[in-house]
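Trainee:
Protein chains: 2
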Amino acid sequence: MNVVATVPKDAAETDIAGLMRQIGLRAKAAQRAIMLAAPEAKNAALMAAAAAIREAGPAVLAANALDLADARASGQTAAFIDRLLLTPARIEGIACAVEEIASLPDPVGKVLARIERPNGLVIERVATPLGVIAVIFESRPNVTADAGALCLKSGNAAILRAGSDSLRTSSVLADAMRSGLASAGLPADALQLVPSRDRAAVGAMLAGLDGAVDVVVPRGGKSLVERVQRDARVPVFAHLDGNCHVYVHAGADLGMARAIVLNAKLRRTGVCGSAETLLVDRAVAETHLQPLVSALLDAGCAVRGDDQTRRVDNRVSEAIEADWGTEYLDAIIAVKVVGGLDEAIAHVERYGSHHTDAIVTADSAAARRFLAEVDSAIVLHNASTQFADGGEFGFGGEIGIATGRMHARGPVGVEQLCSYKYRVLGAGQIRP
Amino acid sequence: MNVVATVPKDAAETDIAGLMRQIGLRAKAAQRAIMLAAPEAKNAALMAAAAAIREAGPAVLAANALDLADARASGQTAAFIDRLLLTPARIEGIACAVEEIASLPDPVGKVLARIERPNGLVIERVATPLGVIAVIFESRPNVTADAGALCLKSGNAAILRAGSDSLRTSSVLADAMRSGLASAGLPADALQLVPSRDRAAVGAMLAGLDGAVDVVVPRGGKSLVERVQRDARVPVFAHLDGNCHVYVHAGADLGMARAIVLNAKLRRTGVCGSAETLLVDRAVAETHLQPLVSALLDAGCAVRGDDQTRRVDNRVSEAIEADWGTEYLDAIIAVKVVGGLDEAIAHVERYGSHHTDAIVTADSAAARRFLAEVDSAIVLHNASTQFADGGEFGFGGEIGIATGRMHARGPVGVEQLCSYKYRVLGAGQIRP
Chain U
1 MNVVATVPKD AAETDIAGLM RQIGLRAKAA QRAIMLAAPE AKNAALMAAA AAIREAGPAV
61 LAANALDLAD ARASGQTAAF IDRLLLTPAR IEGIACAVEE IASLPDPVGK VLARIERPNG
121 LVIERVATPL GVIAVIFESR PNVTADAGAL CLKSGNAAIL RAGSDSLRTS SVLADAMRSG
181 LASAGLPADA LQLVPSRDRA AVGAMLAGLD GAVDVVVPRG GKSLVERVQR DARVPVFAHL
241 DGNCHVYVHA GADLGMARAI VLNAKLRRTG VCGSAETLLV DRAVAETHLQ PLVSALLDAG
301 CAVRGDDQTR RVDNRVSEAI EADWGTEYLD AIIAVKVVGG LDEAIAHVER YGSHHTDAIV
361 TADSAAARRF LAEVDSAIVL HNASTQFADG GEFGFGGEIG IATGRMHARG PVGVEQLCSY
421 KYRVLGAGQI RP
Chain G
1 MNVVATVPKD AAETDIAGLM RQIGLRAKAA QRAIMLAAPE AKNAALMAAA AAIREAGPAV
61 LAANALDLAD ARASGQTAAF IDRLLLTPAR IEGIACAVEE IASLPDPVGK VLARIERPNG
121 LVIERVATPL GVIAVIFESR PNVTADAGAL CLKSGNAAIL RAGSDSLRTS SVLADAMRSG
181 LASAGLPADA LQLVPSRDRA AVGAMLAGLD GAVDVVVPRG GKSLVERVQR DARVPVFAHL
241 DGNCHVYVHA GADLGMARAI VLNAKLRRTG VCGSAETLLV DRAVAETHLQ PLVSALLDAG
301 CAVRGDDQTR RVDNRVSEAI EADWGTEYLD AIIAVKVVGG LDEAIAHVER YGSHHTDAIV
361 TADSAAARRF LAEVDSAIVL HNASTQFADG GEFGFGGEIG IATGRMHARG PVGVEQLCSY
421 KYRVLGAGQI RP
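Chains as they are written, first to last, in the numbering used here: chain U, 1 to 432; chain G, 1 to 432.
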């Protein structure tokens with residue numbers, strides 16, 4: 001394997017500002033080549049990268065063992081250790097994910113709109129790469145490969161900043177990605193991993209590396225996202241919270257509501273699309289509230305409810321004001337009885353995080369209003385909030401889910417990692 | 001006419017921070033109503049606003065006379081006075097522009113993409129308003145009406161900050177727009193004009209008014225755009241420079257090249273899409289350079305050229321390095337002979353501003369490469385750069401032209417003033 005070192009290993013870590021400036025300049029220099037690369041070249045690079053990841057398996061595991069030892073020594077939680085841990089099966093999964101991204105349709109050059117003007121001009125809106133994407137992540141080393149692959153597939157250069165705890169593992173993966181680029185004749189610097197644990201690197205990235213960075217994507221916990229959203233001087237694709245709601249409307253079938261609520265809350269509790277609050281319409285509280293609440297409790301979910309909810313099952317504890325705004329990311333749900341559609345929408349708008357919210361009802365007019373008036377990135381009718389995922393949308397991978405309204409909203413896949421330009425085709429037209 | 005005052009006239013101008021905070025809160029409060037307004041209500045508001053502008057004609061002229069008197073007293077240039085000046089015909093033009101915007105298709109709710117998933121989920125990407133748009137402009141009072149109308153048509157609330165010199169005129173126009181909103185049952189605060197000349201208002205808007213502002217649009221000269229791009233803590237739709245190029249390739253027909261070059265440079269020299277540099281291929285310099293340069297000179301354009309260009313006509317002065325990066329916005333053009341397509345593309349990428357650039361050639365392979373490799377918002381083949389205009393693209397109006405790659409690039413019309421959400425339609429699907 002022809003590994004291309006991530007950066008000169010003798011880079012003086014103390015001059016972090018200088019190091020980051022160099023990384024920015026190298027990204028800009030490589031960006032044009034990856035922007036203009038033929039789909040075949042990008043795909044060849046990604047396939048070679050996947051092969052290099054497999055070939056580097058033993059090196060990845062060795063680096064991961066060192067990272068894990070440090071993490072254990074510093075007393076990290078079991079959940080943290082699990083996020084950091086790679087196994088041969090997980091490494092195979094990482095390689096497969098890169099191959100899957102290679103197999104996606106190429107988003108660059110796609111004609112998004114075509115306008116024919118009375119003067120004969122043909123104006124095409126054509127997808128183009130965004131430029132240089134900075135990804136700041138924490139313990140999961142697989143992000144090196146899949147965020148990197150999504151950036152490259154969409155013609156962007158990537159600057160990756162791994163968590164301190166996963167730097168050794170991420171470095172081996174980044175080297176494999178870079179060797180894939182080089183073997184396809186593309187500049188290895190289209191993917192760079194910051195080779196430093198210095199936290200000042202993050203500040204430099206958020207400042208944009210002297211204009212080199214076009215967008216920042218934080219991948220990690222709330223404190224990381226908060227810092228990035230607060231300090232970034234460049235656009236950010238992110239969501240801070242996923243305080244998602246399921247509203248069981250008066251027109252809801254109980255069986256469907258139960259299946260959706262259980263899935264939305266409990267399929268996986270740690271994902272951003274998991275439901276955190278259940279709203280039940282007063283009109284069906286008599287028939288639906290107790291079965292829904294008991295089903296949750298029986299499935300091992302703690303329930304915090306308003307007065308009416310507490311009366312249906314004595315295992316329900318009291319919900320306080322803060323519960324309505326809390327993303328538990330755990331087997332806990334807040335439950336409230338609402339007076340109808342208006343109150344439900346008002347509750348979601350007041351306490352929600354504009355991420356993903358669902359209504360369960362057979363009443364299509366009510367559904368239409370909920371979908372129109374809830375101002376969230378994803379609104380669902382009769383489906384689980386856990387579908388909030390780029391893969392489930394058919395995007396074949398996502399770099400994250402965005403709740404901002406600028407550029408990309410919802411799952412950010414390769415199409416959303418693109419901008420566009422206008423291509424105007426004339427036959428000598430001049431403007432009167 | 002039931003004029004709704006822009007803001008309480010007793011607002012203490014000295015507490016500009018408090019005033020701006022109030023404006024932000026009012027915009028947020030009004031934003032939801034305009035976001036959810038039916039197309040008919042928005043159109044009724046705009047038609048009523050146009051009628052109110054006509055009815056307010058004498059008041060507009062009276063306010064404009066005061067603004068003009070102050071501008072003349074403070075020694076403003078004739079060009080400045082002309083931008084500020086309104087006449088009955090110009091007022092009629094403003095009213096008509098608002099009516100034209102009313103007649104555009106409603107961009108909100110448009111289904112931008114539709115995905116059917118194997119599990120039966122139907123996922124629709126649907127256009128939604130961006131939120132609250134802050135527009136900062138200078139002397140042209142018509143911006144009050146047309147930028148405001150574009151924001152309202154796209155379901156956004158607008159906060160407008162007029163130039164100090166045009167505040168009286170803009171206030172009367174803003175009141176007419178607000179009366180149109182009120183008469184259609186929409187909140188007048190969906191359009192607010194900052195009632196203060198205090199420059200601190202601009203700083204508050206650039207800071208985002210405590211999260212109330214979603215995007216800032218500067219409409220004015222380079223120093224305004226520079227300040228907005230430097231200081232804004234929210235996204236900006238703008239372009240700093242329009243250093244546009246026409247490249248006459250080896251495969252160019254001389255007649256077509258001459259018509260395009262003259263139009264691109266001289267149709268109007270003060271617009272951002274006017275050409276500032278002409279690149280002529282060495283392969284056709286012998287036949288094309290002198291006719292093109294002499295045609296420009298004969299039409300009254302000053303030409304600054306490289307050595308080869310100076311030799312074809314003794315009226316050509318010497319181009320210095322700074323000329324290649326200059327947006328003259330005047331009857332001046334820089335002319336350079338280039339060795340071929342690669343050198344032309346490299347020149348445009350090095351000195352251009354990623355706004356609008358054109359190639360003239362009958363060679364379609366060369367055109368394809370130029371259009372693909374020049375990383376500008378608008379790239380044209382065999383057409384004048386002066387088509388860089390939302391109206392010419394069929395957008396029916398634009399709030400400006402953006403050269404950033406995030407969200408909107410090129411002319412920013414009502415569709416570009418929208419974000420989107422995902423509407424997921426299910427039949428009880430849960431995620432495995």
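Ideal Cβ placement from N, Cα and C applies to all residues, glycine included.
Note that the structure is predicted; figures quoted are calculated from it, not measured.
Counting along the chain, where does the beta strand (DSSP E) carrying U:E286 start and finish?
Mentor: No beta strand (DSSP E) contains U:E286, which DSSP labels as neither H nor E.
Trainee: Could you tell me whether any Cβ in chain U is nearer than 7 Å to the Cβ of G:V3?
Mentor: Note that G:V3 has pLDDT 41, beneath the 50 cutoff, so the model's placement of it is unreliable and no number is given.
Trainee: Quick one: list the residues of chain U neighbouring G:G394, beta-carbon separation under 7 Å, in chain order.
Mentor: I115 and R117
Trainee: How about U:A362 and U:L380: do their beta carbons lie closer than 7 Å?
Mentor: Between U:A362 and U:L380, the C-beta spacing is not below 7 Å.
Trainee: What does U:V215 touch in chain G if you count any residue whose Cβ is under 9 Å from its own?
Mentor: Under the 9 Å cutoff, chain G gives R405 and M406.
Trainee: Identify, in the order they occur along the chain, each residue of the same chain with its Cβ nearer than 7 Å to the Cβ of G:F80, setting aside the five sequence neighbours on each side.
Mentor: A71 and S139
Trainee: State yes or no: is the beta carbon of U:A176 nearer than 7 Å to at least one beta carbon in chain G?
Mentor: Answer no: the Cβ-Cβ gap between U:A176 and chain G never drops below 7 Å.
Trainee: Which same chain residues end up closer than 8 Å to U:G185 when comparing Cβ atoms and leaving out the 5 residues on each side of it in sequence?
Mentor: A41
Trainee: Chain U beta carbons: is any one of them nearer than 7 Å to that of G:Y420?
Mentor: yes
Trainee: Going by DSSP, name the residue or residues bridged to U:Q192.
Mentor: U:I159
Trainee: At the 7 Å Cβ level, is G:G131 part of the contact set with chain U, yes or no?
Mentor: Proximity of G:G131 to chain U, defined by a Cβ-Cβ separation below 7 Å, is satisfied.
Trainee: For U:K222, which option in U:E327, U:L150 and U:C301 has the closest C-alpha, if you only look at C-alpha atoms?
Mentor: U:E327
Trainee: How would you call G:K9, buried or exposed, if buried means at least 16 neighbouring beta carbons within 10 angstroms?
Mentor: Residue placement at G:K9 is flagged as unreliable, the pLDDT there being 47, under the threshold of 50; a coordinate-derived value is accordingly withheld.
Trainee: DSSP puts U:T128 in a beta bridge; with which residues?
Mentor: U:S419
Trainee: Which residue comes first and which comes last in the beta strand (DSSP E) that contains G:R304?
Mentor: A302 to G305
Trainee: On the three-state DSSP scale, how would you describe G:C244?
Mentor: strand
Trainee: Taking the alpha helix (DSSP H) that G:I260 falls in, what are its first and last residues?
Mentor: L254 to L266
Trainee: Taking CB distances under 7 Å as the criterion, tell me whether U:N263 reaches chain G.
Mentor: yes
Trainee: Could you work out which residue in U:L341, U:V143, U:A366 and U:A388 is closest to U:H354 when comparing CA atoms only?
Mentor: Residue U:A388 holds the alpha-carbon nearest to the alpha-carbon of U:H354 among U:L341, U:V143, U:A366 and U:A388.
Trainee: Would U:M47 pass as an interface residue toward chain G - the criterion being a Cβ-Cβ separation below 7 Å?
Mentor: no
Trainee: When the cut-off is 7 Å and only beta carbons count, does G:S384 lie next to chain U?
Mentor: yes
Trainee: Closer than 7 Å, CB to CB, is G:L85 near chain U or not?
Mentor: no
Trainee: Within the continuous beta strand (DSSP E) that includes G:A144, where are the two ends?
Mentor: The sequence shown places Thr at residue 144 of chain G, not Ala. No beta strand (DSSP E) holds G:T144; the alpha helix (DSSP H) holding it covers N142 to K153.
Trainee: Would DSSP call G:V360 helix, strand or coil?
Mentor: strand
Trainee: Any idea if U:G300 is buried or exposed, counting beta-carbon neighbours within 10 angstroms, 16 or more meaning buried?
Mentor: With fewer than 16 Cβ atoms within 10 Å of its Cβ, U:G300 is classed as exposed.
Trainee: Using a Cβ-Cβ distance cut-off of 7 Å, determine whether G:P8 contacts chain U.
Mentor: The predicted model places G:P8 with a pLDDT of 46, which falls under 50 and marks its position as unreliable; any figure quoted below should be read in that light. It does not: the Cβ of G:P8 has no partner Cβ on chain U nearer than 7 Å.
Trainee: Any heavy atom of the ligand MG closer than 6 Å to the beta-carbon of U:D342?
Mentor: You won't find the ligand MG in this model; it holds no ligand whatsoever.
Trainee: Assign U:L193 to buried or exposed, taking buried as 16 or more other Cβ atoms, counted over all protein chains shown, within 10 Å of its Cβ.
Mentor: By the neighbour-count rule (16 or more Cβ atoms within 10 Å), U:L193 is buried.
Trainee: Excluding the five sequence neighbours on either side, which residues of its own chain have a C-beta within less than 6 Å of the C-beta of U:I399, listed in chain order?
Mentor: Hits under 6 Å: A147, L150, V217 and V412.
Trainee: Can you name the residues of chain G whose CB is closer than 7 Å to the CB of U:E373?
Mentor: L36
Trainee: Does the Cβ of U:A367 have 16 or more other Cβ atoms within 10 Å, making it buried, or fewer, making it exposed?
Mentor: buried
Trainee: Kindly list the residues whose CB is nearer than 8 Å to the CB of U:V126, restricted to its own chain and excluding five residues on each side of it in sequence; keep chain order.
Mentor: G109, K110, V111, L112, Y420, K421, Y422 and R423
Trainee: Near U:A232, what residues of its chain come up, given a Cβ to Cβ distance below 6 Å and the 5 sequence neighbours on each side ignored?
Mentor: L206 and V216
Trainee: Quick check: G:E415 and G:P107, are their CB atoms within less than 7 Å of each other?
Mentor: Yes.
Trainee: Checking contacts by CB at 7 Å: is G:S381 closer than that to chain U?
Mentor: In the sequence on display, residue 381 of chain G carries His and not Ser. So, interface residue.
Trainee: Does G:I123 have its Cβ less than 7 Å from a Cβ in chain A?
Mentor: Protein chains in the displayed structure are U and G, and chain A is not among them.
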